[in-house]
Structures are given as C-alpha cells and as structure tokens.
Amino acid sequence: MEYTHCPVISATGLFTPAESISNEELVESFNRYVEEFNAANAAAIAAGEVEELQPSSVGFIEKASGIKSRHVMAKAAVLDTATMAPRWDERGDDELSIMAEIGVKAAREALERAGRKPEDVDAVLCAASNMQRPYPAMAIEIQQALGIDGFGFDMNVACSSATFGIQTAADYIRAGNARSVLVVSPEITSGHLNWRDRDSHFIFGDVATAVLVEDSAMAPAEHWEILGTRLKTVFSNNIRNNFGFLNRATPETEGTADKLFVQEGRKVFKEVVPMVAQMIVDEAERLDIDAQGLRRLWLHQANAGMNRLIAQRVLGHEASEDESPTVLDTYGNTSSAGSIIAFHKHSEDLAAGDKGLICSFGAGYSAGTVFVEKVG
Ligand code: COA
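The following block contains the structure:
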C-alpha cells in the first residue's frame with residue numbers, strides 16, 4: 002500500500018532517576034528482611050507451619066539476569082524492610098503527578114532534540130505497563146503540562162507498550178489524522194515489583210522515555226524512517242498481576258503477592274524467545290530486509306540470556322555489544338522503556354542508510370517490532 006504520509010522517529014528523550022540500587026545493597030536489604038521474618042516466625046517454622054525464607058545472592062542475580070543495578074524513584078523506602086515498596090508524599094490534585102512529571106522530563110528532551118515546539122505536536126500517548134490512576138488519563142496531564150493542543154490517551158500493553166504506541170502513532174500519521182505524536186513511557190516499575198519475593202526482587206527499575214513520531218515532511222533532517230511495524234499478542238498467565246479496581250485492598254488482602262508482578266520466569270524464557278525470533282525474521286522477510294544485515298538490534302531489556310539467543314537467531318551469529326547493546330546492567334528491566342533506552346543511548350553513531358530494529362516483548366504475551374533506517 003502506498004502512503005502519502007511517511008512516519009519517522011524524529012527524536013527520543015530519556016529521564017533517569019538520580020538514585021540507583023546496586024545488587025549488593027539490594028541483597029543486603031532482602032537478606033535482612035529474611036532474617037527478620039525467620040526470627041519473627043521461628044516457632045511456626047519449627048512447627049512446620051510456615052516455610053523458612055531463603056536468602057538471595059548477588060552472584061545468582063547477575064548470572065540469571067545480567068542486572069548489576071537499577072534506578073529507582075524512592076531508594077530508602079524500597080530498601081527499608083518495614084516498607085520494601087516505593088513511597089513519597091501524596092500529591093494534591095492540583096500538583097503534577099509523579100508519573101506525569103517524569104514523562105514530561107523525557108518528552109521535553111525529545112522535543113528539544115527535534116527542535117520542536119509543543120504547539121506543533123498533535124497527540125500524546127502515555128504507553129506504559131502501569132498507570133498511576135485510572136483517570137483522568139496520564140497522557141492528558143502530560144499533554145497539559147507540555148502545553149500541547151490536541152488529544153491524548155493511555156495505553157497499556159505491559160512491556161510492549163512503547164512499540165505498540167509507536168505503531169499507533171505511525172498509523173495516525175499514515176492516515177493523516179496527526180502529523181506529530183509523542184509516545185511517552187514513564188515506567189515506575191518499582192511499584193508493581195514484589196521486593197519481598199526472592200525469585201523476582203531484582204528484576205525491575207524506574208525510568209521514563211519519550212519517542213517523537215512525525216510525518217517525514219516536518220521531521221528534522223536527521224531522523225529514522227519507520228520501514229515497518231508489526232504487533233503480536235498471545236494470551237499467557239506466565240506473567241501476571243491481579244491488581245485492579247475490582248479487588249480493592251481490604252485488611253485481609255492488603256499486600257497479597259498476586260496483586261503485584263508474578264511470573265514463571267523459566268516458561269517465559271522458553272516460550273518468548275522462539276516466538277520473538279520468528280516474528281522478527283518473518284517481518285524482515287515481509288519488508289524485504291536482510292535480517293542478518295541489520296546494523297543494530299535494540300531489544301527489550303529483560304534478561305541478557307534471552308537477548309543473546311534472540312539476537313543470535315536473527316543475525317545468524319553471536320551478537321557483539323555493538324550489534325545488540327545492553328542497558329539492562331545499569332537500568333534493570335524497565336518494562337516498555339528498555340528497548341527505547343537502548344535506542345536513545347546507542348543510535349547516534351549509525352550512518353545514513355543503516356537499518357536497525359527496535360523490539361519489545363513481555364506480558365500478554367505481547368511483542369512489537371519497529372524496523373527503522375537512519376536518514377540524514
Ligand atoms: N538468589 C539465589 N537463588 C535464587 C534466587 C535468588 N534471588 N531466586 C531464585 N533462586 C534459585 C531458585 O530457588 C532455584 O533453585 P533450585 O534450582 O535449587 O530450585 C534456582 O535459583 C533457579 O531459579 P529459576 O527461577 O529457575 O532461575 P532462572 O535461571 O530461570 O532465572 C529469571 C530466573 C527470572 C531471571 C529468568 O528466568 C528470566 O529472566 N526469565 C525471563 C523473565 C522475563 O523476561 N520476564 C519478563 C518480565 S516483563
């Protein structure tokens with residue numbers, strides 16, 4: 002199909018929280034919690050009524066995931082064994098929400114890099130795995146804070162939210178319904194992570210990214226043409242969070258583990274790797290792109306082992322750090338923002354004509370591919 006309007010990525014923006022937790026600090030806190038729990042429940046554990054908790058280990062975390070540290074919005078509260086969750090003073094309705102605040106910071110950087118004024122933007126999509134509240138939409142608050150005259154809405158496709166947002170924005174542009182769309186992904190994932198769960202307490206980190214998707218006719222000289230996008234979803238309970246407005250916390254259910262992130266990590270690994278690798282190869286073929294000739298893969302940042310296997314299947318050889326850059330080591334899994342951080346930090350060195358792939362995957366299951374080519 003021929004389109005009159007060609008969508009491109011004009012610029013990206015990134016907000017990184019100042020605070021960061023190393024694996025050593027995280028494990029020290031987790032193991033202190035384990036000691037406190039086991040001491041408080043010593044009699045029940047001895048009677049076989051309560052299971053004794055096992056300590057976490059820095060060596061395991063790095064080997065199983067590749068994560069060395071993660072940024073968070075509220076370090077002290079996360080490491081305090083009395084809370085082990087992010088906490089900050091509740092803000093009034095007339096103050097900017099925390100999620101909007103970090104989204105605005107990332108968005109401002111994208112606008113500055115593109116030399117774009119807010120009044121030239123038509124729409125804001127807030128694409129993230131968790132929204133701070135059901136309504137009014139976070140996107141509309143971000144739109145207002147930036148001074149954009151247009152429309153905004155929230156979309157949640159878990160770890161694939163940003164790529165789903167990019168395709169949505171690209172479709173608006175192809176159809177002529179918008180010329181400039183901001184896809185903002187504020188991911189305060191520390192809120193849905195169960196910091197008391199040994200199997201997953203090390204996985205996530207906080208961040209915000211923004212992608213400015215525009216009609217090539219108005220884009221800056223240097224930009225990324227979107228060659229094609231493809232989305233896929235397959236229902237799975239292997240990554241699940243039952244928190245929602247139909248199960249308001251009661252004193253009995255407060256803090257129950259299934260109202261936070263829960264996963265069968267091994268199954269996710271085994272099922273998602275082949276699904277995503279095949280999807281990339283099929284989509285490259287459809288777009289007549291030589292997958293093995295892709296200059297760079299900006300993959301979802303959940304697990305170093307998963308990325309190694311996917312990149313190998315796509316490129317036909319073990320990918321170098323240059324071919325498939327990692328930000329997982331210092332950011333952890335930042336849900337939908339991960340592949341965008343990798344793109345933001347590792348794309349400037351590419352030359353005009355170089356082709357690459359932004360790819361996300363995660364809960365749903367969901368996966369999204371965005372093939373791009375450097376222009377200018
Ligand atoms: N410290 C020490 N040991 C730990 C531990 C911890 N924090 N957590 C688990 N272990 C132990 C387990 O008890 C288990 O021991 P056992 O073999 O004696 O029973 C062993 O380590 C292996 O656990 P497992 O969960 O199978 O580890 P893994 O190697 O599969 O790695 C993940 C776990 C979660 C890092 C990995 O499966 C993964 O990243 N999967 C994909 C996740 C993903 O992408 N999710 C998407 C989220 S959006």
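So the number in the working numbering is just where the residue sits in the sequence shown, counting from 1, plus 1.
Glycine residues also receive a C-beta, built at the ideal position from the N, C-alpha and C atoms.
These numbers were taken from a predicted model, which means no experiment stands behind them.
Checklist entry - Between the region 9-16 and the region 102-119, do at least 3 Cβ pairs fall closer than 8 Å? => result yes
Next on the checklist: Just to confirm my understanding: we take residue 174, look at its own chain, exclude 5 residues before and 5 after, and list those with CB closer than 6 Å. What are they?
Outcome noted: Counted from its first residue, the sequence shown places residue 174 at position 173. So the list reads 6, 8 and 216, once near-sequence residues are dropped.
Item to check | For the ligand COA, residues whose Cβ lies under 5 Å from any non-hydrogen atom | outcome: My final list is 57, 58, 61, 65, 66, 160, 199, 200, 266, 267, 269, 270, 303, 304 and 363.
Item to check | From 60, 200 and 246, residue whose alpha carbon lies closest to that of residue 265 | outcome: Numbered from its first residue, the sequence shown carries residue 265 at position 264. Sorting 60, 200 and 246 by C-alpha distance to the C-alpha of residue 265 places 200 at the top.
Next on the checklist: What ranges does the beta strand (DSSP E) occupy inside the region 63-139, keeping only unbroken runs of at least 3 residues that lie completely in it?
Outcome noted: Along the region 63-139, the beta strand (DSSP E) occurs as fully enclosed runs of 3 or more residues at 70-73 and 124-128, listed in sequence order.
Next on the checklist: Taking the beta carbon of residue 135 as the centre, do at least 16 other beta carbons fall within 10 Å, making it buried, or is it exposed?
Outcome noted: Start at 1 with the first residue of the sequence shown, and residue 135 comes out as number 134. Counting Cβ neighbours within 10 Å, residue 135 comes out exposed, since fewer than 16 surround it.
Item to check | First through last residue of the alpha helix (DSSP H) which encompasses residue 30 | outcome: One-based indexing of the sequence shown puts residue 30 at position 29. Taken as a continuous stretch (DSSP letters only), the alpha helix (DSSP H) holding residue 30 covers 24-41.
Checklist entry - So, helix, strand or coil for residue 325, using DSSP? => result Taking the first residue of the sequence shown as 1, we reach residue 325 at position 324. Residue 325 falls in the coil class under three-state DSSP.
Item to check | Heavy atom of the ligand NAP within 7 Å of residue 215 beta-carbon | outcome: For the structure depicted, the ligand NAP is absent and the ligand set comprises only the ligand COA.
Item to check | Beta-carbon contacts of residue 204 that lie in its chain and below 6 Å, excluding the five residues immediately before and after | outcome: Residue numbering aside, residue 204 sits at position 203 when the sequence shown is read from its first letter. Answer for residue 204: 334, listed in chain order.
Item to check | Sequence-distant residues of its chain with Cβ nearer than 8 Å to residue 346 (five each side left out) | outcome: By 1-based counting over the sequence shown, the position of residue 346 is 345. For residue 346, where only same-chain residues beyond five positions count, the Cβ hits under 8 Å are 15, 326 and 328.
Next on the checklist: As a quick exercise: from 44, 225 and 272, pick the residue whose alpha carbon is nearest that of residue 351.
Outcome noted: Numbered from 1 along the sequence shown, position 350 holds the residue referred to as residue 351. For the residues 44, 225 and 272, the minimum Cα distance to residue 351 belongs to 225.
Next on the checklist: Considering only the alpha carbon of each residue, which of 228, 259 and 233 lies closest to residue 242?
Outcome noted: Taking the first residue of the sequence shown as position 1, residue 242 is located at position 241. For residue 242, the nearest C-alpha among the options comes from 259.
Checklist entry - Which term fits residue 236, buried or exposed, when burial requires 16 or more other beta carbons within 10 angstroms of its beta carbon? => result For the purposes of this step, residue 236 is identified with residue 235 of the sequence shown, where counting begins at 1. It is exposed - the Cβ of residue 236 has fewer than 16 other Cβ atoms within 10 Å.
Item to check | Span of the alpha helix (DSSP H) around residue 189 | outcome: Locating residue 189 in the sequence shown gives position 188, counting from the first residue. Taken as a continuous stretch (DSSP letters only), residue 189 belongs to no alpha helix (DSSP H), being part of the beta strand (DSSP E) at 181-189.
Item to check | Cutoff 7 Å; reference residue 305; Cβ partners in own chain excluding five residues on either side | outcome: The residue you call residue 305 lines up with position 304 of the sequence shown. Here the set comprises 66, 67, 327 and 329.
Checklist entry - Hey, which unbroken runs of the beta strand (DSSP E) at 3 residues or more fall wholly within the region 208-258? => result 224-234
Next on the checklist: Using the Cβ count rule (16 or more neighbours within 10 Å means buried), how would you classify residue 84?
Outcome noted: The count along the sequence shown starts at 1 and reaches residue 84 at position 83. Flag for residue 84 reads exposed.
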